[in-house]
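**Q**
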Amino acid sequence: MTTDYLLYDSIRMFYLNGGGKSYIISIGDYKTPLSRAKFETAISGPLKKEDEPTLILFPDAVKLADTDLYFLQNMALKQCYDLQDRFTICDLTPSKTDTEWANSVTGFRNNIDLISMNYGAAYTPYLRSNLSKNVTYRALASALFKFGTNISLSSLVPTADIKTKDLIASLEKSIADNDFIKSKISDTILDDYNAKVQVFKQKVGIAVPVPADVKAAFKDLYVYLYSKADTILDDLATNSGNVLNATIPPVPPSTDPTIFVLDTVRKVLADSLRSRMKTLNSYNKAHKALTDVDDKLYNPKANWTATGWVDAGINVMDDANVVFDDTIYPNKPIPAADPDKEKKFQENMIAAEPKISQIMKDLFDSLSFIKTAAAFIENGFERLLYDTFSLYRSINQKIASTATELPPSGAIAGIYAFIDATRGVWKAPANVNIQGVESLSYTIDNTDNDDLNISDTGKSINAIRFFTGKGTLVWGARTIDGNSNEWRYVPVRRLFITIEESAKKATIPFVFEPNDANTWVKVRAMLENYLTLQWRAGALAGPKPEYAFFVKCGLGQTMTSQDILEGRLIVEIGLAAVRPAEFIILRFSHLMQKA
């Protein structure tokens, strides 16, 4: 089974195989089609500016055209080459047949640039994952086909089974309600309000506040709060345009009508928000009573028609029924002729803001509860359909148990992270089982493996193979630059990246220190100590430290007098990196019987 988006399952494979901390750069939501331009922006923008990531991969890019995928891979490899602190894991293009797989190998080799090959590694074939899936009616409803024609689930229900047909209809109504509620209630409502609070605090916090600006910023708080109560809460409660379904039966065994979305909205309004908005109205009306100059900050519309606003026959949103409350204002009243009028007025606003903001938070909490209730109702019908309709349950279980085909980069990155944490970056991330794999999209034999390792193009691709009794193993540890003696192996390249980056960061404190022998000795001693620790851990080859590395720094060794005059402190580091035993060769010979 294939999916339109691969990142979620790739992340699951990353953690299933030992992954740790990771960064995810968003390039859009699930309603936005994938495009090369968005990947380009992510790679060249936020990714390039972030120092911490050490592995780059983008599983969803395999859904793009082949040329776009290769372009992005070259772009990532070039960034690794330029920054020298990261490494790219490449996927090949997807394939369904043996010929397509061979073409994916050829296409990759023909399109990857030569200059930065040692900063990346490629893996094949794709993995068929047995990760669990949560299949919902939403996803299934548009994906049912019979003889090539899209059909509804309800059409598969026997005519006599009215109860199941009604249940499906109720589920569809609850989905429509849930979608409408989510479109109506934004997650950023409170954040947007808090941004207005910050504007108000900035206006009132300057050395000489401008009265008109302060009042305008304070008024915005009222306007925003009232507008959300009006355009969201009042509209939902009155069900203007019949946008919410009022005829959904309750989810058995409950008979409580408040489980309906519409009734939930009305109950929330009547039980909690009515009193909060009544308080806000009192604060708003008191604003006018404080002075004979300033009017109310906001004039609510006259047609707040939801029945939830009515308490004991009185509509609390009707201005005629509002009693002003000036307890939140420390200065009252403020005559128009008062020379300190504006100062006192601003003190009132500063004192009132926290009370108004609390009402806004209460409103947001209530709206969030309504969203949660809408999702709960949909899930209730979903579970009921799953429990009572055997055909739906069978379809759901069959899809959930079907393997999903994924590019290997997510799992490989997890293995890199696991090996780094348990053994060290110098250990090849190979001969390791891949967790969560049911099978492979292509079976690689020894001939295929040899061709992937060594090619006339000089570009190596690492194989993922299944071995009887061992499972699915990563069976390669080469960079793309397979012909290079220096950078052929992934652990060698990544060890140098690690040591180079560590040395760069460690020498930063010496920038602008005196460029003399004392500083050179300190730098050399620090780096030698670090490299000795790496040698002891097994990262460097040699019976003694002097055989494993060298650090040179000094006049006549790495620098000339001209270098010192120009402010350069030059350090040379040599490393004898350990290399993986890629091939174990056993030689046998005949011996004549000697006794």
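All residue numbers for the sequence shown refer to UniProt numbering, where the first residue is 1 and numbers rise by one.
For glycine and all other residues, C-beta sits at the position ideal for the given N, C-alpha and C.
1) Which value, in whole angstroms, describes the spacing of the CA atoms of Ala217 and Val210?
2) In chain order, what residues of the same chain lie with their CB nearer than 8 Å to the CB of Ile25, ignoring the 5 residues before and after it?
3) Where do the ends of the alpha helix (DSSP H) carrying Val204 lie?
4) Whose CA, out of Glu546, Ile415 and Ala503, lies closest to the CA of Thr472?
5) What did DSSP end up calling Asp292 once you bin it into helix, strand or coil?
6) Count the other C-beta atoms from every protein chain shown that fall within 10 angstroms of the C-beta of Tyr30, then say buried if there are 16 or more, exposed otherwise.
7) Distance, Cα to Cα, Gln358 vs Ala176?
8) With 16 as the cutoff for other CB atoms within 10 Å, does Asp292 come out buried or exposed?
9) Output the boundary residues of the beta strand (DSSP E) element that contains Leu72.
10) Look at the alpha carbon of Asp235 and the alpha carbon of Asn245, and state the distance between them as a whole number of angstroms.
11) Please name the residue, chosen from Glu405, Leu440 and Pro509, that lies closest to Leu7 on a Cα-to-Cα basis.
12) How is the beta strand (DSSP E) around Val474 delimited, first residue to last?
13) For Leu406, report the span of its beta strand (DSSP E) as first-last.
14) For the alpha helix (DSSP H) containing Gly414, list its first residue and its last residue.
15) For Asn315, which beta-bridge partners are listed by DSSP?
16) Helix, strand or coil: how does DSSP classify Asp516 here?
17) Using CA atoms only, rank isn't needed, just tell me which of Ala421, Pro429 and Ser394 is closest to Ser409.
18) Based on the DSSP output, what are the partners of Arg465 in its beta bridges?
19) Which term fits Val551, buried or exposed, when burial requires 16 or more other beta carbons within 10 angstroms of its beta carbon?
20) Runs of 4 residues minimum, wholly inside the region 9-72: which ones carry the alpha helix (DSSP H) assignment?
21) Under the DSSP definition of a beta bridge, which residues are partnered with Arg117?
22) Starting from Gly380, trace the beta strand (DSSP E) in both directions and tell me its first and last residue.
23) Given 8 Å as the limit, is there contact between the region 485-497 and the region 103-116, that is, 3 or more CB pairs closer than that?
24) Over what stretch of residues does the beta strand (DSSP E) that includes Leu575 continue unbroken?
25) Can you find the residues in the same chain that come closer than 7 Å, C-beta to C-beta, to Ile328, ignoring five residues on each side of it along the sequence?
26) Near Ile11, which residues of its chain fall below 7 Å by C-beta distance, leaving aside the five closest residues on each side in sequence?
27) What residue from Lys173, Asp220, Asp192 and Glu572 has the CA that sits closest to Gly380's CA?
**A** On the basis of the coordinates in this document:
1) So the alpha carbons of these two residues sit roughly 11 Å apart.
2) For Ile25, the CB contacts under 8 Å within the same chain, skipping 5 residues up- and downstream, are Ala42, Pro46 and Leu47 in chain order.
3) Counting along the chain, the unbroken alpha helix (DSSP H) around Val204 starts and ends at Ile189 to Gly205.
4) Nearest neighbour of Thr472 by Cα position, chosen from Glu546, Ile415 and Ala503, turns out to be Ile415.
5) The pLDDT assigned to Asp292 is 47, lower than 50, so where the model puts this residue is not dependable, and the model offers no usable value.
6) By the 10 Å Cβ count, Tyr30 comes out exposed.
7) Gln358 and Ala176 have their C-alpha atoms roughly 32 Å apart.
8) Confidence in Asp292 is poor, its pLDDT being 47 and thus under 50, which makes the residue's placement unreliable; the coordinate value appears in the next sentence. Counting every other CB atom within 10 Å of its CB across the protein chains shown gives Asp292 a total below 16, marking it as exposed.
9) Here Leu72 belongs to no beta strand (DSSP E); instead the alpha helix (DSSP H) covers Asp66 to Leu83.
10) Between Asp235 and Asn245, the alpha-carbon positions lie close to 14 Å from each other.
11) Among Glu405, Leu440 and Pro509, the Cα nearest to that of Leu7 belongs to Glu405.
12) Membership of Val474 in the beta strand (DSSP E) is indicated by the continuous run Gly471 to Trp475.
13) It spans Thr404 to Leu406 - the beta strand (DSSP E) in which Leu406 sits, taken as one unbroken run.
14) Per DSSP, Gly414 belongs to the alpha helix (DSSP H) from Ser409 to Thr422.
15) Looking at the DSSP output, Asn315 shares a beta bridge with Val310.
16) In this structure, Asp516 counts as coil in the three-state DSSP scheme.
17) The closest CA to that of Ser409, considering only Ala421, Pro429 and Ser394, is found on Pro429.
18) Answer by DSSP bridge pairing, in chain order: Leu473.
19) Label assigned to Val551: buried.
20) Entirely contained in the region 9-72, the alpha helix (DSSP H) runs reaching 4 residues are, in chain order, 36-42.
21) Rather than Arg, the amino acid found at residue 117 in this sequence is Met. DSSP lists no partner for Met117.
22) Residue range Lys341 to Thr388 is occupied by the alpha helix (DSSP H) that includes Gly380, with no beta strand (DSSP E) assigned at that position.
23) The answer is no - the region 103-116 does not touch the region 485-497, with fewer than three Cβ pairs under 8 Å.
24) From DSSP, the beta strand (DSSP E) with Leu575 extends over Glu572 to Leu575.
25) Same-chain partners within the cutoff: Tyr283, Ala351, Ala352 and Lys355.
26) Result list for Ile11: Gly410, in chain order.
27) Lys173 is the residue among Lys173, Asp220, Asp192 and Glu572 whose C-alpha sits nearest the C-alpha of Gly380.
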